[in-house]
Amino acid sequence: MRARKFRVHVSGEEMPHHSSIGTKVVAVSSAVTIILAVANRVLYKLALVPMKQYPFFLAQFTTFGYVVIYFSILYARYQIGIVTDEMLALPKSRFVAIGILEALGVAAGMSAAAMLPGPAIPILSQTFLVWQLAFSAILLGRKYSLNQIIGCLLVAAGVIIAVSSSGSNSGEVASGVDLIWPAIMVASSAFQAGASIIKESIFVDAASRLKGKSVDIFVVNSFGSGFQALFVLLLLPLLSNLKGIPFAKLPLYLKNGAGCFLNVGANNTGCDGAPWLPLLYIATNIIFNILALNLVKISSAVVASLTILLSVPLSIYVLSLPLPYLPEGASLSPFFVLGSAILVMGLALYNLPQNPTKSSKRP
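Numbering of the sequence shown is given in the UniProt record's numbering, commencing with residue 1 and proceeding in unit increments.
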């Protein structure tokens, strides 16, 4: 059975907001998103200094805590008239699909990460961009020029070179590992890429459903996060065991994690920097997620991913410097510089001016 009911055709008439948004707005939004993406990665590393024994707690706190935060913001925006009844009445099937795909992405990613060597994980994760291109073409009917496809592949290659250079034994990546685990990691990227394209399709489809108006990003954020939290909750026994926490001991683990997060209790040693470092990361992560989704709205999921990928080498560079709570710093290899240069080259190639008749739209 063909999935034509789900396909959204991209055209100038159906997406007036894309034609009206100037390249300067997208450029400024991209620059701000890159800054927040770098801050998000750096602050996550800093937040794990006090929470190094409780990373699973921090992950679940953000997953379920964001549902409360996003719906609170959504309610406030509804009360002042920014969010309308028509926006809230959008079909929820795509939000359910987003929740399922993101939860499966988390479960598959954690399963594979437990079996793969460290350097292999960021390399296999770069298939995310390839999946995005494929799903964007299939579900949104987009067409990409040769320079855009090559540009995306160069970006992925640049990230692989820059990131893998920091790992040890890079020549033995995934050696002796059953092929099922790299395949599961690639599938994890496919799930997450599919979710990102469905989010973009919601913005595209809303233009016709709302008679030219665009859906508020907090509608997408709130319902997407809500269904993700629901399916993560259903998978919680599996996820906790994958992290080496027996489900029977999960309540005690969460209790101790909360104590470390708040930096209270006599038994919480090594939690220096809490709660301010974790709270600073959470605040930055919320703003980053909002800006990233807004970038999807005014451009595309692929453009947003390319922008965020630029933050990877920038974050590695910042983390190589002496920082509070991370004073030792690190040295960067020549491959890091090479990978960063290839990444920037790929971004430039992707953004070369194109003939409008050959743009990434269905004719």
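By construction, the Cβ of each residue, glycine as well, lies at the ideal position given by its N, Cα and C atoms.
query	result
Hey, out of Y253, I160, P353 and A107, whose CA is closest to S340's CA?	I160
Below 8 Å on the Cβ atoms is my guess for L124 versus P50; work out the distance and round it to an integer in Å.	Their Cβ separation, rounded to whole angstroms, is 30 Å, which puts L124 and P50 out of contact at 8 Å.
So what does DSSP say about L310, is it helix, strand or coil?	helix
Determine contact between the region 141 to 150 and the region 340 to 351, defined as no fewer than three beta-carbon pairs at a distance below 8 Å.	yes
Whole-angstrom Cβ separation of V219 and M87, contact assumed at under 8 Å?	5 Å
Tell me the residue span of the alpha helix (DSSP H) that contains L152.	Inspection of the sequence shows that residue 152 is occupied by Cys rather than by Leu. Residues L146 to S164.
For S305 and S240, I'd like the C-alpha separation in whole angstroms.	29 Å
Could you tell me which of L309, S331 and I308 sits nearest to L319, measuring between CA atoms?	S331
Within 10 angstroms of the Cβ of I342, are there 16 or more other Cβ atoms? Answer buried if so, exposed if not.	buried
Could you have a look at L293 and say whether DSSP puts it in helix, strand or coil?	helix
Below 8 Å, how does it come out for the region 249 to 261 and the region 123 to 142: are there three or more Cβ pairs, yes or no?	no
List the residues that DSSP assigns as beta-bridge partners of L326.	L323
Using DSSP with H/G/I as helix, E/B as strand and the rest coil, what is N169?	Legend: pLDDT at N169 = 46, less than 50; position of this residue unreliable, value from coordinates given subsequently. Coil.
Run the CB neighbour count on Y278, radius 10 Å, all protein chains shown included, and call it buried at 16 or more, exposed below.	At residue 278 the sequence reads Pro, which differs from the Tyr that was named. So P278 ends up on the buried side.
Beta-carbon within less than 7 Å of I69's beta-carbon, same chain only, minus the 5 sequence neighbours each way: which residues are those?	I286
Looking at residue 377: is its Cβ nearer than 8 Å to the Cβ of F61?	Examination of residue 377 is not possible in this model, given that the chain is present from 1 through 363 alone.
Alpha carbons only, please: which of I197, Q53 and I282 is nearest the one belonging to I245?	Q53
Under 8 Å Cβ to Cβ from V344, same chain only, skipping five residues before and after it: list those, please.	G158 and L310
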